Amino acid sequence: MTTLAVVKNGNKEKNVKIRELFQKNRFSLSFEIFPPKREGNLEPLYRTVGELLPCRPSFISVTYGAGGSTRHKTVEISEHIKSELRQEVLAHLTCVESTRRDIDTILGELTDRGIENVLALRGDPPKGEETFVRPEGGFGYANELVEFIHGMNRFCIGVAGYPEGHPEAPSLEKDLENLKRKVDAGADFVITQLFFVNDHYYRFRDRALGAGIGVPLIPGIFPVFNFGQIARMTALCGAEIPSRLFEKLDRISEKPEEVEKYGIDYAIRQTDDLLENGIPGIHYYSMNRSDHILRIFRSLSLPERFSGEEKESR
Ligand SMILES: Cc1cc2nc3c(=O)[nH]c(=O)nc-3n(C[C@H](O)[C@H](O)[C@H](O)COP(=O)(O)OP(=O)(O)OC[C@H]3O[C@@H](n4cnc5c(N)ncnc54)[C@H](O)[C@@H]3O)c2cc1C
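Counting in this note's numbering, the sequence shown runs from 9 upward without gaps.
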């Protein structure tokens, strides 16, 4: 179809479905950004994305606000990155407080803007609620959303995976069964929750392979740059913080520059180890900052298969 992106920019590049990168054995590099909570000027965010582009990312992923609070911004920001910055995007989408019709509308808006890659998520319970309740006329689990999107036959679909288990899952085995449901429903790749101990990822990968999950599992790395944030993030998702990381950050917590430097060095060491152990790509939670991501990027030796033909045609 003729997309708005093509019309607006005269941009003749073909859209890239992320799964095509993996089919061609390309290495994918991606950065996650989130829409600002407050309404207003999106220029600072676009500037940050612009600063990340020299890294030649395979895609930028744009989160979907908790409780769907920033849903229109996800579409708007994804469109801008795609059509103005000419960068492939992955738009996140959750089931929170949405009917099938709502979801259908958003998917239609994405298609109208030439966006073909979606990260299909259930989402967390809305604010003030303990458990996720299936919205009336909507979806209760991400696998149902994947099935719905897959049935449209026009999107490449990513899903979330949890090396240390999703906090609500009764066991790692059950959680893996549920991940398999998402893949069986049509997911093309998985991006993992952040982790600080690579062995969790390696064990997750082995278990996934054993369970017949054959799609790429892209590790998600969160570069720490402030001490309070690491405690908040891990409380939220349950990731193990190795004691040497915690103690070191605790010791230097009053010295922001040192915390940042240590966080960056840690992310570099983590990534180097992952690269040595064969990964299909790497995804960084940027927290809407470019400086630390650029510092990490400069220190990495990404595999040769990173610079693919999609990039050459730019
Ligand atoms: C890479 C990544 C990106 C994210 N982006 C966002 C975002 O943009 N916006 C946002 O709000 N949140 C985001 N999240 C957070 C995510 O929404 C939460 O972790 C949420 O609690 C679970 O979403 P899910 O898609 O993994 O859910 P699901 O896969 O549905 O799993 C949720 C829980 O239910 C269980 N389960 C799954 N399917 C079934 C089933 N059929 N029957 C019984 N149990 C089942 C699972 O084991 C798990 O415990 C992201 C997480 C990751 C890892």
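Every residue, glycine too, gets a C-beta built ideally from N, C-alpha and C. All of these numbers come straight from a predicted model, not from anything done at the bench.
For Gln201, the number of other beta carbons within 10 angstroms of its own is at least 16, and it is reported as buried. Residue pairing from DSSP leaves Ser251 without any beta-bridge partner. In the structure shown, the three-state DSSP call for Asn151 is helix. The C-alpha of Leu37 lies about 10 Å from the C-alpha of Phe305. Between the C-alpha atoms of Lys182 and Phe140 there is a straight-line separation of about 17 Å.
When the beta-carbon positions are compared, Ser315 and Arg64 come within less than 9 Å of each other. In the three-state reduction of the DSSP assignment, Ile199 falls in the strand class. Here Leu29 is buried: its Cβ has 16 or more other Cβ atoms, across all protein chains shown, within 10 Å. At a cut-off of 4 residues, the continuous stretches assigned as alpha helix (DSSP H) that sit fully inside the stretch 66-148 are 79-91 and 108-120. Under DSSP, Glu40 forms a beta bridge with Ser69 and Tyr293. As far as DSSP is concerned, Gly48 takes part in no beta bridge. Secondary structure of Ala168 (DSSP, three-state): strand. Of the residues His291, Ile85 and Asn151, the one whose Cα lies closest to the Cα of Pro224 is His291. Looking from the CA of Glu84, the closest CA among Thr56, Leu118, Leu61 and Val267 belongs to Leu118.
Taking non-hydrogen atoms of ligand 1 into account, the C-beta of Gln201 is found less than 8 Å away from one of them.
The Cβ atoms of Val126 and Cys164 sit closer than 9 Å to each other. For Pro227, the uninterrupted beta strand (DSSP E) run begins and ends at Leu225 to Ile229, by DSSP. Taking a 10 Å sphere around the C-beta of Ala243, we find fewer than 16 other C-beta atoms and assign the residue as exposed.
For Ser179, no alpha helix (DSSP H) run applies, since DSSP gives it neither H nor E. Excluding residues up to 5 positions away in sequence, Pro43 lie with their Cβ nearer than 6 Å to the Cβ of Thr78 in the same chain.
No heavy atom of ligand 1 is found nearer than 8 Å to the CB of Leu282. Sixteen is the threshold: since fewer than 16 other Cβ atoms of the shown chains lie within 10 Å of the Cβ of Pro62, the residue is exposed.
For the pair Gly122 and Ser91, the CB atoms are nearer than the 9 Å cut-off. Across the structure, Pro227 and Pro134 are spaced so that their CA atoms are roughly 27 Å apart.
Just measuring C-alpha positions, the residue of Gly289, Met295, Arg303 and Ser294 sitting nearest Arg34 is Gly289.
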